[in-house]
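Asks: When we follow this note's numbering, the leftmost residue of the sequence shown carries the number 1, and every step to the right adds one. We put the CB at the ideal spot given by N, CA and C, even for glycine. I am attaching a structure below and will ask some questions about it afterwards.
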Amino acid sequence: MARIQSTVDKARRLQGTTIDIQEMSETKKDEYDNVWKKCIFTVRLVGFSKRTPDEPLPESLRDKEVKLIRWCCFDWHYTKGARKTLNPDETEAVLKGTPTSTVYW
Numbered sequence: 001m002a003r004i005q006s007t008v009d010k011a012r013r014l015q016g017t018t019i020d021i022q023e024m025s026e027t028k029k030d031e032y033d034n035v036w037k038k039c040i041f042t043v044r045l046v047g048f049s050k051r052t053p054d055e056p057l058p059e060s061l062r063d064k065e066v067k068l069i070r071w072c073c074f075d076w077h078y079t080k081g082a083r084k085t086l087n088p089d090e091t092e093a094v095l096k097g098t099p100t101s102t103v104y105w
């Protein structure tokens, strides 16, 4: 029997808890006429996602607050206390201490 190799992405991704959400004035409409608002999420870092469970969070980043730029449309996008996962590029930027267009502090 052939062995199936997993294609799970193992890239590091930081996670945090949403503590504040600020709506911006910039909007856009999608092909279904949903209006999306640009939002800034303030996220308190808590660790890495479960994709990399053995990766320790550097002590200097524990409880650090970062700002994430995201587009929001539906009510569940605005949930405080929810977990937010940074993408791999954002994660590497935070680890290097280099702000980007979608993550800063």
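Mark A93 as exposed unless 16 or more other C-beta atoms lie within 10 angstroms of its C-beta, in which case mark it buried.
Replies: To locate residue 93, count along the sequence shown from 1; it is residue 93. Answer is buried; the Cβ neighbour count reaches 16.
Asks: Mapping DSSP to helix, strand and coil, what is E65?
Replies: Walking along the sequence shown from the start, residue 65 turns up at place 65. Looking at E65 - three-state DSSP - the assignment turns out to be strand.
Asks: Classify S25 as helix, strand or coil using the three-state DSSP reduction.
Replies: Residue mapping note: residue 25 aligns to position 25 of the sequence shown, counting from 1. Of the three classes helix, strand and coil, the one that applies to S25 here is strand, per DSSP.
Asks: Closest by CA to R83, which one among K10, T17 and T27?
Replies: Taking the first residue of the sequence shown as position 1, residue 83 is located at position 83. If we check each option's Cα against that of R83, T17 comes out closest.
Asks: Measure from the alpha carbon of P56 to the alpha carbon of each residue in L14, T79, K10 and Y104, then state which is nearest.
Replies: Your numbering for residue 56 matches position 56 in the sequence shown. Ranking the options by Cα distance to P56, first place goes to L14.
Asks: Tell me whether the beta-carbon of E65 lies closer than 8 Å to the beta-carbon of W105.
Replies: On the sequence shown, residue 65 is found 65 positions in, with the first residue counted as 1. On the sequence shown, residue 105 is found 105 positions in, with the first residue counted as 1. Taking 8 Å as the Cβ cut-off, E65 and W105 qualify as a contacting pair.
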